[in-house]
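Protein sequence lines, in the order shown, are assigned to chains A and B.
Just so we're aligned: 325 in the numbering used here is position 209 of the first sequence, and the numbers increase by one with no gaps anywhere.
Just so we're aligned: 725 in the numbering used here is position 125 of the second sequence, and the numbers increase by one with no gaps anywhere.
Backbone N, C-alpha and C fix where the C-beta goes; we use that ideal spot for every residue, glycine too.
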Amino acid sequence: MTETIRDETLTAYLDGALSEAERREVETALEQDGALRARLQALDLPTDALRTAFESALELAPEPPNVSVPESTSGANPRWAIAALVIVGATLGLLLGSLWSPLSGSKDAADWKLAVANYQVLYVPQTLAAPAPDRLAAERRLAELSEALGRDLTQAVDAQGLEFRRAQMLGLEGQPLVQIAYMGPNNSPVAICVTPVDTTTRAPSAETIAGLAAAHWVQDGFGFLVIGGADLDFVSDVADDIRARL
Amino acid sequence: MPKLYPRLWRFALSLSGSRSNADDLAQAVVQRALEQADKFTPGTKLEAWLFTMTRRVWLNDLRAQKIRTAGGLLPVEDIDLPDAGPDTETNILARQVFAQVMALPEAQRATVILVYVEGYTYAEAAQILDIPIGTVMSRLASARKKIEVATQGRKAGTL
Numbered sequence: 117m118t119e120t121i122r123d124e125t126l127t128a129y130l131d132g133a134l135s136e137a138e139r140r141e142v143e144t145a146l147e148q149d150g151a152l153r154a155r156l157q158a159l160d161l162p163t164d165a166l167r168t169a170f171e172s173a174l175e176l177a178p179e180p181p182n183v184s185v186p187e188s189t190s191g192a193n194p195r196w197a198i199a200a201l202v203i204v205g206a207t208l209g210l211l212l213g214s215l216w217s218p219l220s221g222s223k224d225a226a227d228w229k230l231a232v233a234n235y236q237v238l239y240v241p242q243t244l245a246a247p248a249p250d251r252l253a254a255e256r257r258l259a260e261l262s263e264a265l266g267r268d269l270t271q272a273v274d275a276q277g278l279e280f281r282r283a284q285m286l287g288l289e290g291q292p293l294v295q296i297a298y299m300g301p302n303n304s305p306v307a308i309c310v311t312p313v314d315t316t317t318r319a320p321s322a323e324t325i326a327g328l329a330a331a332h333w334v335q336d337g338f339g340f341l342v343i344g345g346a347d348l349d350f351v352s353d354v355a356d357d358i359r360a361r362l
Numbered sequence: 601m602p603k604l605y606p607r608l609w610r611f612a613l614s615l616s617g618s619r620s621n622a623d624d625l626a627q628a629v630v631q632r633a634l635e636q637a638d639k640f641t642p643g644t645k646l647e648a649w650l651f652t653m654t655r656r657v658w659l660n661d662l663r664a665q666k667i668r669t670a671g672g673l674l675p676v677e678d679i680d681l682p683d684a685g686p687d688t689e690t691n692i693l694a695r696q697v698f699a700q701v702m703a704l705p706e707a708q709r710a711t712v713i714l715v716y717v718e719g720y721t722y723a724e725a726a727q728i729l730d731i732p733i734g735t736v737m738s739r740l741a742s743a744r745k746k747i748e749v750a751t752q753g754r755k756a757g758t759l
């Protein structure tokens with residue numbers, strides 16, 4: 117009964133935080149109950165405007181402080197001297213990263229994207245010269261790779277502005293990395309790559325990596341990368357299209 | 601991806617309600633993080649560790665001190681966002697939503713920033729704030745109801 121669906125559950129529904137079964141339950145209830153639909157409406161939040169606003173709030177932040185390096189209780193510690201040297205101009209993340217080792221334990225999303233970019237930069241049109249497979253074969257291939265990866269990628273057979281050519285399973289640091297290769301506009305190879313990452317979610321952003329236009333986001337613990345060519349707007353558009361469907 | 605320090609400062613702003621308090625809080629967190637760098641376990645999430653520390657330093661140290669110096673209150677500053685350009689529909693709405701979020705009670709404000717701005721899951725936010733997931737959900741639900749009221753009014757042309 118819909119009396120038992122609380123605002124907290126509706127909030128979780130709006131935030132995509134419900135299980136598949138719970139989500140279906142809420143949707144069924146919403147179909148049948150106008151009052152519940154009204155309550156859902158009352159919980160509506162302009163999240164885009166919220167993010168835009170708080171993104172510009174970042175500009176209000178001051179520069180990271182010049183810190184006094186704390187005295188080590190165990191006597192002279194060269195690590196602190198090194199840290200003091202790298203403090204000036206460093207972001208906090210880099211600063212702390214220098215305190216234990218350059219190979220900070222947390223897996224940096226930049227690592228895998230750079231590895232992919234260094235491989236993608238080798239692609240020329242001739243690399244994808246073999247004729248495009250038919251749709252059924254492409255879907256089967258994506259289904260196989262989806263199984264191995266643990267994420268459904270079959271929708272990627274259609275990608276706005278891109279023609280599917282092939283897909284392969286690569287590996288990076290013991291993790292599966294699926295690369296889907298397309299021919300993009302102006303005969304430029306474009307790839308969509310997916311691999312498990314440490315973060316759960318990251319909003320889409322575009323940048324140039326190894327000279328290639330790239331758009332990146334994280335969803336449900338998977339990092340996605342659209343990379344190829346020189347047009348940041350194009351890869352961003354592809355990213356928006358794919359992200360809505362994968 | 602925006603740099604980490606401004607993001608920590610922004611979270612500090614959501615906790616403390618004013619820019620000068622956020623400055624003090626973020627600075628204190630940097631100092632504390634350096635002192636406690638040994639306690640960070642490589643392989644776990646640096647950012648979540650720092651956000652957690654920001655919450656701790658605020659609640660355990662700075663908050664009481666700030667309330668005392670402010671004479672028993674914690675004023676919320678009326679902050680103007682940097683000029684985002686023309687007064688488009690988007691920008692006007694963004695400024696309104698910002699003001700409404702900053703007008704939320706401290707606990708709801710901080711939860712909104714972690715989940716809707718930083719993109720943490722309910723579980724991650726619960727860990728950073730050291731509260732049950734149910735509390736995360738009820739804070740977000742309350743925030744949604746409060747913010748909705750004002751924008752509904754705007755949509756209906758009553759503002």
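Beta-carbon proximity of residue i to residue j, cut-off 9 Å
i         : j         : result
Arg-655/B : Ala-710/B : yes
Glu-175/A : Pro-606/B : yes
Ala-694/B : Val-657/B : no
Arg-318/A : Gly-339/A : yes
Thr-315/A : Trp-228/A : no
Leu-161/A : Ala-743/B : yes
Ala-169/A : Val-676/B : no
Val-273/A : Ile-343/A : no
Phe-774/B : Phe-611/B : The structure shown does not extend to residue 774/B, since chain B spans only 601 to 759, so no value can be given for it.
Tyr-235/A : Leu-269/A : no
Leu-625/B : Leu-662/B : yes
Ile-733/B : Ala-726/B : yes
Pro-292/A : Ala-264/A : yes
Val-237/A : Ala-326/A : yes
Ala-297/A : Ala-275/A : no
Ile-121/A : Leu-166/A : no
Ser-321/A : Pro-682/B : no
Ser-616/B : Leu-674/B : yes
Leu-604/B : Glu-635/B : no
Asp-164/A : Arg-267/A : no
First and last residue of the uninterrupted alpha helix (DSSP H) at residue i
i         : result
Phe-611/B : 604–616
Val-697/B : 689–702
Ser-321/A : Note, Ser-321/A: premise wrong, no alpha helix (DSSP H); beta strand (DSSP E) at 318–325.
Gly-150/A : 150–158
Ile-667/B : 663–669
Val-240/A : Val-240/A -> no alpha helix (DSSP H), and no H or E assigned at all.
Ala-628/B : 619–635
Gln-727/B : 722–729
Tyr-129/A : 123–130
Ile-713/B : First-last for Ile-713/B: undefined, no H or E at that position.
Leu-640/B : Per the sequence shown, the amino acid found at residue 640/B is Phe instead of Leu. That residue, Phe-640/B, is in no alpha helix (DSSP H); it is neither H nor E in DSSP.
Leu-681/B : No alpha helix (DSSP H) holds Leu-681/B; DSSP gives it neither H nor E.
Thr-163/A : 163–173
Ala-264/A : 251–265
Extent of the continuous beta strand (DSSP E) to which residue i belongs
i         : result
Trp-649/B : It is not in any beta strand (DSSP E) - Trp-649/B instead sits in the alpha helix (DSSP H) that spans 646–656.
Arg-281/A : 279–288
Val-313/A : Unbroken run through Val-313/A: none, as it is neither H nor E.
Ala-355/A : From DSSP, Ala-355/A is part of no beta strand (DSSP E) but of the alpha helix (DSSP H) over 348–361.
Pro-113/A : Because residue 113/A is not part of the residues shown, which for chain A are 117 to 362, the question remains open.
Leu-341/A : 338–343
Gln-335/A : 328–335
Residue environment, residue i, which counts as buried when at least 16 other CB atoms sit within 10 Å
i         : result
Pro-686/B : exposed
Ile-667/B : exposed
Gly-191/A : Because the pLDDT of Gly-191/A is 43, which lies under 50, any placement of that residue in the model is unreliable, and the number read from its coordinates should be weighed accordingly. Looking at its Cβ environment, which holds fewer than 16 other Cβ atoms inside 10 Å, Gly-191/A is exposed.
Met-299/A : buried
Glu-136/A : exposed
Ala-618/B : It should be noted that the sequence gives Ser, not Ala, for residue 618/B. Ser-618/B should be labelled buried.
Val-351/A : buried
Pro-301/A : exposed
Ala-622/B : buried
Gln-665/B : exposed
Val-294/A : buried
Ala-154/A : exposed
Pro-180/A : buried
Ala-756/B : At Ala-756/B the pLDDT is 46, less than 50, meaning the model places this residue with poor confidence and gives no usable figure here.
Gln-242/A : exposed
Glu-689/B : exposed
Glu-718/B : buried
Arg-257/A : buried
Ala-197/A : Its pLDDT being 43, under 50, Ala-197/A is placed unreliably by the model, and the measurement read from it follows with that caveat. Exposed, since its Cβ has fewer than 16 Cβ neighbours within 10 Å.
Near-chain A residues of the segment 684–700 of chain B (beta-carbon distance less than 7 Å), N- to C-terminal order: The segment 684–700 of chain B vs chain A, Cβ under 7 Å: Ala-684, Thr-690, Leu-693, Ala-694, Arg-695, Val-697, Phe-698.
Contact residues within the segment 155–173 of chain A, judged by C-beta distance below 7 Å to chain B: Answer set for the segment 155–173 of chain A: Ala-158, Leu-159, Asp-160, Leu-161, Pro-162, Thr-163, Ala-165, Leu-166, Arg-167, Thr-168, Ala-169, Phe-170, Ser-172, Ala-173.
Members of the segment 710–729 of chain B that neighbour chain A once the beta carbon cut-off is set at 8 Å: Listed by position, the residues of the segment 710–729 of chain B near chain A (Cβ gap below 8 Å) are Val-712, Ile-713, Val-715, Tyr-716, Val-717, Gly-719, Tyr-720, Thr-721, Tyr-722, Glu-724.
Contact set between the segment 118–144 of chain A and chain B, restricted to residues whose Cβ is under 9 Å from the partner: For the segment 118–144 of chain A, which is checked against every Cβ of chain B, the residues closer than 9 Å are Arg-122, Asp-123, Glu-124, Thr-125, Leu-126, Thr-127, Ala-128, Leu-130, Asp-131, Ala-133.
Short-range partners of chain B found in the segment 317–331 of chain A, where Cβ spacing is below 7 Å: Taking 7 Å as the Cβ-Cβ cut-off, the segment 317–331 of chain A approaches chain B at Thr-317, Arg-318, Ala-319, Ser-321, given in chain order.
Interface positions of the segment 670–685 of chain B facing chain A (Cβ-Cβ less than 8 Å), listed along the chain: Listed by position along the chain: Ile-679, Leu-681, Pro-682, Ala-684.
Residues within the segment 624–649 of chain B neighbouring chain A, beta-carbon criterion of under 8 Å: The segment 624–649 of chain B vs chain A, Cβ under 8 Å: Ala-626, Gln-627, Val-630, Gln-631, Ala-633, Leu-634, Glu-635, Ala-637, Phe-640, Thr-641, Pro-642, Gly-643, Thr-644, Lys-645, Leu-646, Glu-647.
Interface positions of the segment 280–314 of chain A facing chain C (Cβ-Cβ less than 8 Å), listed along the chain: Reference to chain C is not applicable here, since the protein chains of this structure are A and B.
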